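Visitor: To start, I am sharing the structure in question, which I have written as structure tokens.
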Ligand SMILES: [Zn+2]
């Protein structure tokens, strides 16, 4: 039995927790200990542990925490001991802990406030983290500290970088700040660029590039070398290679996050892109979070996944979340009896039980033969970008495999034409393509600061050919000032919307004979109006007040309403 609470719980205590859960349930309600644990929320388990340890359990503390006390302790210390001060009176100092056995908080408080009795409460990990985050990340090194760095190159082996550790070296603290701010702000990428007389870093959040922050020019080479060091590469590599790719990991509040590193030599120096491969993002599940599609879309997606063989293509521009959705589909399809292979460049997310192949463009043909010999049931191919990859998808589908892949086209129906451009005959793709999908990510309004507009502007209604009914719907718009919750951006998070065109036997036949064009097929789908479309799903988000017209019209072409 494992309670999996993020801190050690011995057998005696685990036994007591399970006994208490079972004792309170109706007779015979749980078939076994594991079922009792699975059916209990972590809050329920924590409250039992707290009562066994003789300390109170509080689910929510953020409204009671004294902000002045929160600033007293070094955030690195709060991170390490996972504790936060809550309040104090004349004789006691109240603080919250995540792990009842960790004494870091108690020691820190006793040594600082000798006359006060430290009093603990237990809180869930998820409650603690935002509080610690609210004070950490702002403590980067001062400009003076950065300027005083001795610029000499040393090589240190560091494949894993602990962001929360207390780094002595100001440069390490700067990198820790850049990385921890990125994670806290939920950025997908960090860019470090050299310009004329300046080095800057910036974040991409929800698809938008944000402000650029300066780094002193004299650290240009030092920070470059530091980052290469994180991957165990010597600084000389940057002279030898115009492009360097690599990976390193960071540890952030007990969570490990992989970072994919790309560095290109540029006229002014270099351009580094670091993509944050956060597990939370990859473990995205259909139906929840950013993939919380409406029931009609989910139903069509389930139907598509039930197709025994053929090609399922997801189209959309870069950054439209195509691979996140395909990976979520693959997770749903992942059954022990199926042999699943992926061909990716690079492999981003490893799914247990799935065989991932990291494939380089020049090895493509050579790998196909051996690949097919292992007889996979389902193949996920990162992208169809050339004749080799397109032929592989067709070949695999003809021989009875299910192929999931992505392609760069704006609309779902254009997938067929894109295959033709690459060099595949129309009939071949018409007979193997089973579903053409398109996806976009729509920025969502910050629920805290969004502003109510009484109605849409008449001009917008006409420009975007909106339905008459839209005239009477109250809509929301972004607050240009933003608020604390959205870091002044006015948007918070994104939702995926999907367009799905299942290629029926009749369409497949007509498309191969050439009696129906992909565009006519799309119009027929629209006239029928039963299948989810980007436009309808996007407008539904607008009607629900979850996005605004500006965000929507940037991601999908609303002017085209055919
Ligand atoms: Zn806001």
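Numbering (our numbering), first residue to last: 2 to 563.
For each residue, glycine too, the CB sits at the ideal point set by N, CA and C.
Since this is a predicted model, take the numbers as computed values, not measurements.
Under a Cβ-count criterion, where at least 16 other Cβ atoms within 10 Å of its own Cβ denotes burial, should residue 69 be classed as buried or exposed?
Guide: The residue in question, residue 69, is exposed, as its Cβ has fewer than 16 Cβ neighbours within 10 Å.
Visitor: In this structure, does DSSP put residue 466 in helix, strand or coil?
Guide: DSSP places residue 466 in coil when its eight states are reduced to three.
Visitor: Enumerate in chain order the residues of its own chain whose CB-to-CB distance from residue 6 is below 6 Å, with the five nearest sequence positions on each side excluded.
Guide: If we look at residue 6 and ignore the five residues flanking it on each side, it has no Cβ neighbours.
Visitor: Does DSSP classify residue 451 as helix, strand or coil?
Guide: Residue 451 falls in the coil class under three-state DSSP.
Visitor: Relative to ligand 1, is the shortest distance from any of its heavy atoms to the C-beta of residue 494 smaller than 7 Å?
Guide: Outside the cutoff, so no.
Visitor: Quick check for students: name the residue ranges of the beta strand (DSSP E) that lie wholly in the region 247 to 315, counting only runs of 3 or more.
Guide: Complete beta strand (DSSP E) runs here, min 3: 256 to 267 and 270 to 278.
Visitor: Going by CA-CA distance only, name the one from 237, 496 and 515 that's closest to residue 292.
Guide: Nearest C-alpha to residue 292: 496.
Visitor: Which of helix, strand or coil does DSSP assign to residue 90?
Guide: Reduced to three states, the DSSP call for residue 90 is coil.
Visitor: Hey, is residue 289 close to ligand 1, as in C-beta under 7 Å from one of its heavy atoms?
Guide: Because no heavy atom of ligand 1 lies under 7 Å away, the Cβ of residue 289 does not count as near it: no.
Visitor: Apart from the five residues just before and just after residue 337, which ones in its own chain have a Cβ nearer than 6 Å to its Cβ?
Guide: Excluding positions up to five away in sequence, the list is empty.
Visitor: Short check: CB of residue 373 to CB of residue 358, under 8 Å?
Guide: It is not a contact, given that the beta carbons lie outside the stated cut-off.
Visitor: In angstroms with no decimal places, state the Cα-to-Cα distance between residue 396 and residue 377.
Guide: Roughly 13 Å between the two C-alpha positions.
Visitor: Using the Cα positions of residue 162 and residue 173, report the straight-line distance between them to the nearest angstrom.
Guide: Whole-angstrom Cα-Cα distance: 9 Å.
Visitor: Let me know the secondary structure DSSP gives residue 438 once reduced to three states.
Guide: In the structure shown, residue 438 sits in a strand (DSSP, three-state: E or B).
Visitor: Quick check: does the Cβ of residue 551 come within less than 7 Å of any heavy atom belonging to ligand 1?
Guide: Checking the Cβ of residue 551 against ligand 1 gives no.
Visitor: For ligand 1, which residues count as neighbours when the test is a C-beta closer than 7 Å to any heavy atom?
Guide: Chain-ordered list of matching residues: 447, 449, 450, 480, 483, 484, 486, 487, 491 and 493.
Visitor: Is residue 58 helix, strand or coil by DSSP?
Guide: Correct three-state label for residue 58: strand.
Visitor: Identify, in the order they occur along the chain, each residue of the same chain with its Cβ nearer than 7 Å to the Cβ of residue 159, setting aside the five sequence neighbours on each side.
Guide: The predicted model places residue 159 with a pLDDT of 42, which falls under 50 and marks its position as unreliable, so this point remains unresolved.
Visitor: Please list the segments of the beta strand (DSSP E) lying wholly inside the region 374 to 399, counting only runs of 3 or more residues, in order along the chain.
Guide: With a minimum length of 3 residues, the continuous beta strand (DSSP E) runs that stay inside the region 374 to 399 are 379 to 382.
Visitor: Name, in chain order, the residues that DSSP records as bridge partners for residue 521.
Guide: According to DSSP, residue 521 bridges with nothing at all.
Visitor: So for residue 6, helix, strand or coil by DSSP?
Guide: Looking at residue 6 - three-state DSSP - the assignment turns out to be coil, as it is neither helix nor strand.
Visitor: Kindly give me the distance between the Cβ atoms of residue 437 and residue 314, rounded to whole angstroms, as I take these residues to be in contact under 8 Å.
Guide: Going by Cβ atoms, the distance from residue 437 to residue 314 rounds to 6 Å, so yes, they are a contact pair.
Visitor: In angstroms with no decimal places, state the Cα-to-Cα distance between residue 354 and residue 286.
Guide: Those two C-alpha atoms are separated by around 17 Å.
Visitor: Enumerate in chain order the residues of its own chain whose CB-to-CB distance from residue 44 is below 7 Å, with the five nearest sequence positions on each side excluded.
Guide: Once the five neighbours on either side are set aside, the close Cβ partners of residue 44 are 60 and 125.
Visitor: Residues bridged to residue 127 by DSSP?
Guide: Per DSSP, none; premise fails for residue 127.
Visitor: State the Cα-Cα distance for the pair residue 524 and residue 463, rounded to the nearest angstrom.
Guide: C-alpha separation (whole angstroms): 21 Å.
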